[in-house]
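Whatever position you read off the sequence shown (first residue = 1), add 54 for our numbering. Below: the structure, in structure tokens.
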Amino acid sequence: MSWPCKPPPPEQREMNTHLAPFITDDRFAVDYDPVEHVHDKVRAVLIAMAILIMGFGVAGTLIPIGGAVIATGQIGVASHIKKIAHPSGGVIKEILVENGAPVRKGQVLMRFDDRVTGADAEYSSLSVDQMRAQRARLEAERLGARSVTFPSELMRADAAARRAMADEANLFQIRQSEQAGLAAQIQSRIRQYRQQINAYQSQIRALQQQAALIEPERKGVRALWDKGLVTISRLNQLERTAVDLQGDIGALRANIAQAEARISEAREQMIQLGESRRSQAGADLAQLNGALNQQQVRSVSAVDARDRSVVRAPYEGVVDKLAFNTIGGVVRPAEVIMEIVPNSDRLLVEGAVSVADVDQVHVGQAARIRFTAFNNSATPEIRGKVTFVAADRAADPEGRLSFYPVRVEIDEAQLRKYPELALKPGMPVDLFIDTGSRMMISYLTKPLRDQFERAFRDN
Numbered sequence: 055m056s057w058p059c060k061p062p063p064p065e066q067r068e069m070n071t072h073l074a075p076f077i078t079d080d081r082f083a084v085d086y087d088p089v090e091h092v093h094d095k096v097r098a099v100l101i102a103m104a105i106l107i108m109g110f111g112v113a114g115t116l117i118p119i120g121g122a123v124i125a126t127g128q129i130g131v132a133s134h135i136k137k138i139a140h141p142s143g144g145v146i147k148e149i150l151v152e153n154g155a156p157v158r159k160g161q162v163l164m165r166f167d168d169r170v171t172g173a174d175a176e177y178s179s180l181s182v183d184q185m186r187a188q189r190a191r192l193e194a195e196r197l198g199a200r201s202v203t204f205p206s207e208l209m210r211a212d213a214a215a216r217r218a219m220a221d222e223a224n225l226f227q228i229r230q231s232e233q234a235g236l237a238a239q240i241q242s243r244i245r246q247y248r249q250q251i252n253a254y255q256s257q258i259r260a261l262q263q264q265a266a267l268i269e270p271e272r273k274g275v276r277a278l279w280d281k282g283l284v285t286i287s288r289l290n291q292l293e294r295t296a297v298d299l300q301g302d303i304g305a306l307r308a309n310i311a312q313a314e315a316r317i318s319e320a321r322e323q324m325i326q327l328g329e330s331r332r333s334q335a336g337a338d339l340a341q342l343n344g345a346l347n348q349q350q351v352r353s354v355s356a357v358d359a360r361d362r363s364v365v366r367a368p369y370e371g372v373v374d375k376l377a378f379n380t381i382g383g384v385v386r387p388a389e390v391i392m393e394i395v396p397n398s399d400r401l402l403v404e405g406a407v408s409v410a411d412v413d414q415v416h417v418g419q420a421a422r423i424r425f426t427a428f429n430n431s432a433t434p435e436i437r438g439k440v441t442f443v444a445a446d447r448a449a450d451p452e453g454r455l456s457f458y459p460v461r462v463e464i465d466e467a468q469l470r471k472y473p474e475l476a477l478k479p480g481m482p483v484d485l486f487i488d489t490g491s492r493m494m495i496s497y498l499t500k501p502l503r504d505q506f507e508r509a510f511r512d513n
């Protein structure tokens with residue numbers, strides 16, 4: 055293609071001829087053609103653009119570019135920061151720690167006023183000790199033992215427990231003495247009855263001897279009466295004496311039978327005395343066991359309430375976010391008192407992935423961790439691995455931003471190579487979760503393809 059142009063005038067051509075040795079710019083050459091010069095410039099630009107486009111095309115189809123989901127997060131601990139709360143609350147009596155203080159597991163952090171709970175626990179424990187001592191005494195009475203055997207839980211150096219055991223042991227001895235007294239009375243009656251029997255038997259033997267002495271005389275008088283030598287009155291007198299003796303002997307034998315019956319009754323009373331005591335002890339024991347079980351439950355609850363008046367550290371760590379600093383302050387039930395950051399737990403990264411990118415994140419993906427709290431020019435990126443992806447979205451406290459929580463495990467072996475990195479929970483980090491690599495042309499044409507996808511749809 056050519057453009058028509060007007061040739062220079064003769065005077066200009068003659069001047070150019072004389073000045074040609076001194077002209078270095080082509081535009082002042084004798085045979086300079088401005089149109090051809092423009093054509094050369096355009097041709098060079100077109101060739102450069104073609105080379106550039108071809109270079110981009112070749113690079114886009116041959117050079118892969120790594121992809122990653124970018125997320126923000128912070129350093130956390132594997133078992134999370136421990137929030138210390140109290141189930142029932144109370145009035146603060148002592149505050150024994152402050153923010154930043156290191157604490158051991160089981161160390162006392164705070165004490166509540168325990169005047170009410172302490173008195174209730176002491177009374178409940180005392181009642182349980184008294185009931186246990188009473189149960190031991192009733193067991194001894196039920197078994198008919200000679201002494202009380204107290205359980206091992208009472209055999210401790212506790213004044214109240216020792217006093218309860220002493221009281222029940224004394225009561226056992228008193229009841230033993232009462233039973234022994236009643237038994238002695240019964241034995242005394244038995245001895246009296248035996249003495250009466252012995253006396254009756256002696257009287258019977260005397261009467262039998264009298265009867266034996268009268269019998270020959272009675273027979274002789276009867277023989278004389280048969281011969282008419284004595285009167286009937288003499289014979290009748292001897293007969294009446296013999297009959298009276300037999301009657302007295304029979305009465306005495308009846309008295310002996312009554313005395314023996316009374317002895318049997320006394321022995322039965324003796325047996326019933328022991329059985330009655332054991333039976334009563336068994337009934338009292340059954341009733342006491344029910345009351346003791348209920349009291350033990352109340353005692354456990356009261357002791358637990360008293361023990362909960364002392365707040366202890368469940369883990370070793372550092373105190374943070376202490377919410378109370380006033381003695382006498384009121385802590386509501388389940389209100390967070392402080393937090394403990396474990397100092398011996400495994401560190402990890404807690405991140406927040408955008409809702410639009412969560413489909414590209416899954417457990418097991420490699421990740422790169424950049425600690426923004428340090429100097430970026432000197433701080434290396436640490437490798438990590440995704441260990442958790444939330445099943446549902448979460449929101450920030452204001453509810454404006456939705457995200458999916460993820461957790462990334464830090465490569466401990468690589469982290470140990472940089473001892474100068476003093477990581478602490480709460481430090482901010484940037485996460486780059488690898489999603490694989492794609493050709494550069496794919497990144498360059500994605501916006502255009504997305505627009506085509508939206509455009510060529512029937513609404």
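Even for Gly, the Cβ is constructed at its ideal location relative to N, Cα and C.
Pull up the CB-CB distance for residue i and residue j, whole angstroms please, since I reckon it's below 8 Å.
| i | j | result |
| --- | --- | --- |
| Gly480 | Val462 | Going by Cβ atoms, the distance from Gly480 to Val462 rounds to 16 Å, so no, they are not a contact pair. |
| Lys147 | Tyr369 | No, Lys147 and Tyr369 are not in contact; Cβ-Cβ is about 23 Å, not under 8 Å. |
| Val409 | Gly371 | 34 Å between Cβ atoms; not a contact. |
| Val357 | Ser179 | 7 Å |
| Ala265 | Gln300 | 7 Å |
| Leu289 | Arg276 | 6 Å |
| Leu306 | Tyr254 | 5 Å |
| Gln161 | Arg366 | 6 Å |
| Ile487 | Ala122 | 6 Å |
| Tyr458 | Val412 | 4 Å |
| Leu469 | Phe428 | Contact doesn't hold; Cβ gap of about 13 Å is too wide. |
| Glu152 | Val373 | 7 Å |
| Leu345 | Arg243 | It should be noted that the sequence gives Ala, not Leu, for residue 345. Going by Cβ atoms, the distance from Ala345 to Arg243 rounds to 39 Å, so no, they are not a contact pair. |
For residue i, does the three-state DSSP call read helix, strand or coil?
| i | result |
| --- | --- |
| Ala359 | helix |
| Met164 | strand |
| Phe226 | helix |
| Val84 | Low confidence applies here, because Val84 scores a pLDDT of 48, under 50, leaving its location unreliable and the question unanswered by this model. |
| Asp212 | coil |
| Val514 | The first residue shown for the chain is 55 and the last is 513, placing residue 514 beyond what the model contains. |
| Phe76 | Low per-residue confidence applies at Phe76: pLDDT is 48, beneath 50, and the placement is therefore not dependable enough to give any value. |
| Gly438 | strand |
| Asp411 | coil |
| Arg272 | helix |
| Val354 | helix |
| Arg294 | helix |
| Val92 | helix |
| Val365 | strand |
| Glu370 | coil |
| Val385 | strand |
Between the options, which lies nearest to residue i when the distance is taken from Cα to Cα?
| i | options | result |
| --- | --- | --- |
| Asp183 | Val415, Glu152, Ala265, Ser353 | Ser353 |
| Ala359 | Asn153, Val415, His93, Val170 | Val170 |
| Arg200 | Gln227, Val162, Leu402, Ala220 | Gln227 |
| Ala311 | Ile251, Ala260, Arg331, Leu278 | Ile251 |
| Arg191 | Gly198, Thr285, Val202 | Val202 |
| Glu207 | Asn224, Arg186, Glu193 | Arg186 |
| Tyr37 | Glu314, Arg158, Phe166 | Any answer about residue 37 is impossible in this case: the structure gives the chain only from 55 up to 513. |
| Asn347 | Arg189, Pro387, Met103, His93 | Arg189 |
| Leu401 | Lys375, Glu90, Gly127, Asp94 | Gly127 |
| Ala234 | Leu327, Arg196, Thr295, Pro270 | Leu327 |
| Val460 | Ala467, Ala445, Ser287 | Ala445 |
| Ala388 | Ala132, Ile101, Gly144 | Gly144 |
| Gln249 | Asn309, Ile286, Arg229, Ile303 | Asn309 |
| Asp212 | Ile258, Ala104, Ala102, Glu176 | Glu176 |
Looking only at DSSP bridge pairs, what is residue i linked to?
| i | result |
| --- | --- |
| Thr126 | Ala406, Asp484 |
| Arg456 | Note that residue 456 is Ser in the sequence shown, not Arg. Answer is Ala449. |
| Arg424 | Asp484 |
| Glu463 | Leu402, Lys439 |
| Glu393 | Lys137, Asp374 |
- Message: Ignoring anything shorter than 3 residues, give me the beta strand (DSSP E) runs that lie fully in the region 128 to 196, in order along the chain.
- Response: 136 to 139, 144 to 149, 162 to 166
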